[in-house]
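Here's the structure, in structure tokens; my notes come after.
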């Protein structure tokens with residue numbers, strides 16, 4: 268400032284006109300008061316600095332800066348919000364009620380969110396009228412799914428208003444994809460929501476609920492390039508504890524033109540293999556009989572968390588497939604993970620969903636074929652049977668490449684069961700395109716299918732570059748035709764199982780009759796059979812009742828497009844069944860197992 272002081276003023280006043288007055292210095296605290304020693308000044312200043320440091324920092328006000336996470340000695344995470352005391356973030360035994368909509372990833376997200384809240388002292392309730400906090404885990408994949416949530420919010424808000432003032436005010440929260448996609452509408456539309464947490468913000472739930480308790484709406488929908496919740500052990504709530512979902516990766520890089528997932532779930536990032544194996548071992552110790560590995564694009568798993576995994580090897584794709592992004596290098600791949608997971612417990616079935624057809628190199632298929640506890644069921648989402656529509660969808664393959672993959676899968680895994688996804692009425696789809704989809708369904712022969720009419724989503728490439736030009740009634744007509752053909756083919760494929768003996772993992776009583784039990788085959792087909800005591804082991808006279816979580820051998824007596832019916836023969840096990848059938852002569856084996864299925868078939 269010295270050079271500024273040397274400048275002459277542009278205007279000057281005569282000296283005799285300038286009033287003389289004594290200017291007193293102004294202070295923002297009491298440090299300058301007379302009679303205060305320098306030591307007291309220093310102590311007061313230190314106290315003031317301490318008060319400032321305990322308040323919100325600059326990072327707390329900058330969008331995109333996440334709260335610093337620290338880790339305590341036992342490996343548990345700790346999110347420090349220094350401007351909120353830990354007492355304020357505690358649940359104090361308040362009851363939380365979850366409603367989960369959409370895919371299996373949302374089921375796993377519910378388990379993660381509950382694990383976080385449970386550690387903060389919240390209790391979980393299955394009764395809505397007892398809840399202090401209601402959290403909806405939402406889906407944005409289609410307009411109908413979002414409308415379901417809007418309707419539910421209206422119902423919950425009416426319940427909230429009727430609640431007696433003597434009770435704790437109920438808080439309503441939206442978690443997951445819809446929170447990220449419609450954050451502005453959810454906060455402003457009729458004030459229906461107290462808390463918003465996107466898929467990568469569940470760690471922040473205790474703070475958000477604390478802010479909401481103060482009468483403010485609270486929101487965190489920031490997406491992360493790193494969040495996998497690897498250090499959080501989900502609290503599993505599988506039926507009877509016999510099956511569980513394990514998340515191995517999050518996000519998607521494929522950028523299909525119709526899909527909202529990359530915009531609601533973010534970029535692909537894989538969970539470290541060590542934490543996945545630890546969770547699977549824990550589930551095995553708890554007696555879980557079936558684990559499903561989860562991810563938006565599960566077979567693109569690529570763990571780069573350790574230096575030893577980071578080689579220069581290029582990622583291998585299915586032959587004839589390509590991606591919209593540059594080929595990735597290095598990392599522990601899906602085949603490596605699948606190999607390690609399957610070795611933990613030979614009597615635990617391993618499934619995975621949802622894959623992309625591009626990520627089925629031969630090593631993955633050979634591993635499925637060779638490993639007895641990896642289910643011989645492969646999900647191959649086709650979306651359309653028309654190369655023209657597939658190009659508009661940015662799927663990275665043609666009809667011919669997809670059919671070549673199907674043939675390769677069937678060659679390597681002869682007993683495989685196939686399932687798929689299809690979208691009817693995508694932008695620009697003609698009647699000829701639709702007919703090609705119908706012919707693809709007939710040619711492949713799927714057991715299970717997930718079919719939907721196209722629903723345009725904002726933010727997607729289709730929304731910005733394509734026209735949703737297929738009338739709604741045409742979409743519905745084409746959808747019904749696809750469903751009809753799908754059922755015809757599924758009935759044909761399932762009929763081939765009549766007379767075979769299937770290893771079934773029992774889920775519990777049938778929904779239609781308490782006299783029947785229900786379970787799943789290795790190929791993910793539902794099997795219904797009478798409830799009765801059966802032999803403890805094949806060829807034994809001792810009998811025992813059948814319970815959920817048991818493996819039983821069931822002879823298939825009839826079939827339709829959606830399920831199989833049969834009669835239980837005996838208790839069994841995954842390893843025991845494999846050993847039993849390995850020792851049978853080939854002519855006896857043919858009597859037990861249909862040519863296009865395997866002994867171990869399971870449910871979704």
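Residue numbers (this note's numbering): 268 to 871.
For each residue, glycine too, the CB sits at the ideal point set by N, CA and C.
Burial state of residue i, where buried means 16 or more other Cβ atoms lie within 10 Å
i           : result
residue 360 : exposed
residue 667 : exposed
residue 542 : buried
residue 578 : exposed
residue 395 : exposed
residue 621 : buried
residue 720 : buried
residue 644 : buried
residue 812 : exposed
residue 769 : buried
residue 683 : buried
residue 808 : exposed
residue 332 : Model confidence at residue 332 stands at a pLDDT of 45, short of 50, so the residue's coordinates are unreliable and nothing is read from them.
residue 756 : buried
residue 881 : Absent from the model: residue 881. The displayed extent of the chain is 268 to 871, so no value can be given.
residue 625 : buried
residue 418 : exposed
residue 833 : buried
residue 238 : It is not possible to answer for residue 238, since the shown part of the chain is limited to 268 through 871.
residue 778 : exposed
residue 849 : The pLDDT assigned to residue 849 is 46, lower than 50, so where the model puts this residue is not dependable, and the model offers no usable value.
Candidates the options, of which the one nearest residue i by Cα
i           : options               : result
residue 810 : 800, 546 and 397      : 800
residue 673 : 708, 639 and 657      : 708
residue 729 : 790, 692 and 367      : 692
residue 414 : 582, 671 and 368      : 368
residue 496 : 466, 426, 550 and 739 : 466
residue 400 : 407, 411, 384 and 410 : 384
residue 838 : 816, 828, 824 and 827 : 816
residue 378 : 500, 631, 607 and 567 : 500
residue 640 : 659, 650 and 615      : 615
residue 607 : 548, 654, 552 and 582 : 548
residue 781 : 789, 787 and 795      : 795
residue 748 : 718, 787 and 732      : 718
residue 818 : 831, 835 and 829      : 835
residue 733 : 695, 758, 757 and 710 : 695
residue 576 : 820, 371, 583 and 599 : 599
residue 751 : 716, 789, 727 and 737 : 716
residue 480 : 470, 710, 498 and 439 : 439
residue 742 : 711, 544 and 690      : 690
C-beta atoms of residue i and residue j nearer than 8 angstroms
i           : j           : result
residue 484 : residue 460 : yes
residue 244 : residue 564 : The chain is shown only over 268 to 871; residue 244 falls outside these bounds and no answer can be derived.
residue 663 : residue 556 : no
residue 570 : residue 591 : no
residue 714 : residue 760 : yes
residue 209 : residue 530 : Because the chain spans 268 through 871 in this model, residue 209 falls outside it and cannot be assessed.
residue 560 : residue 528 : no
residue 632 : residue 679 : yes
residue 745 : residue 701 : yes
residue 739 : residue 826 : no
residue 612 : residue 649 : no
residue 522 : residue 562 : no
residue 475 : residue 487 : yes
residue 609 : residue 586 : no
Neighbourhood of residue i by C-beta, 6 angstroms cutoff - its chain only, sequence neighbours within 5 removed
i           : result
residue 364 : 392, 395, 398 and 401
residue 257 : What the structure shows of the chain is the stretch from 268 to 871, and residue 257 is not part of that stretch, so it cannot be assessed.
residue 651 : 657 and 704
residue 424 : 459
residue 619 : 560 and 565
Cutoff 8 angstroms: residue i Cβ touching any chain C Cβ
i           : result
residue 425 : This model lacks chain C altogether; it includes just one protein chain.
Spatial neighbours of residue i in its chain, beta-carbon cut-off 7 angstroms, leaving aside the 5 residues before and after
i           : result
residue 534 : 492, 518 and 520
residue 373 : 367, 404, 406 and 443
residue 723 : 729, 730 and 735
residue 677 : 683
residue 472 : 380, 383, 384 and 464
residue 370 : 406
residue 847 : Only weak support exists for where residue 847 lies, its pLDDT of 48 falling under 50; the coordinates are left without a value.
Spatial neighbours of residue i in its chain, beta-carbon cut-off 8 angstroms, leaving aside the 5 residues before and after
i           : result
residue 776 : 783, 784, 785 and 798
residue 629 : 675 and 679
residue 581 : 594, 595 and 596
Residue ranges of each alpha helix (DSSP H) within the segment 611 to 647, 4 or longer: 629 to 637
Secondary structure, alpha helix (DSSP H): runs of 4+ residues fully inside the segment 382 to 462: 410 to 429, 444 to 448 and 450 to 455
Start-end ranges of the beta strand (DSSP E) lying completely within the segment 679 to 747, minimum 3 residues: 684 to 691 and 715 to 720
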